[in-house]
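Report on the structure given below.
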Amino acid sequence: MKSVFLLLSLMLASCIAYVDATSTRYDGMDTFLPIDPASVQVLDREPKQRHDRLGEVKLNISLDPPATVADIDNKLREEAGKMGANAIYIIDGGISGVDKQRKLVGIAIRIRE
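Throughout the sequence shown, residue numbering follows the working numbering, covering -14 to 98 in sequence.
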């Protein structure tokens, strides 16, 4: 019975979309208080306004089942907000042939006002 329950648990877990994040703050940058993720902008390119680069956010995203765009944006906002960034933009993305995951790299920034 235990092995059946374990097998069912593993099967269900493999059917759940995921977005895992790893964040790295750049050395020598000012430290800011965390920001509410809802107020962090997700940009499609580096903004023209003056800004400071605070760090990188790397995402590993499931392909099967696929994570939603909302899940990806929420994870980007959450991780950037932890650094005190008020925006994040994507610099790299692709699909890893080895582990069958989509990978994204974003730069967390603080736009100057």
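For glycine and all other residues, C-beta sits at the position ideal for the given N, C-alpha and C.
Three or more beta-carbon pairs drawn from the segment 22 to 34 and the segment 72 to 84 are found closer than 8 Å, and the two stretches are therefore classed as touching. Here LEU48 is actually not in contact with GLY91; their C-beta atoms are around 19 Å apart, not less than 8 Å. About 5 Å separates the beta carbons of ILE80 and ARG87, which is inside the 8 Å limit, making them a contact pair. Boundaries for ASP84: no alpha helix (DSSP H) harbours it, and the DSSP string shows neither H nor E there.
Distance from the CA of MET14 to the CA of GLU64, rounded to the nearest whole angstrom, comes to 16 Å.
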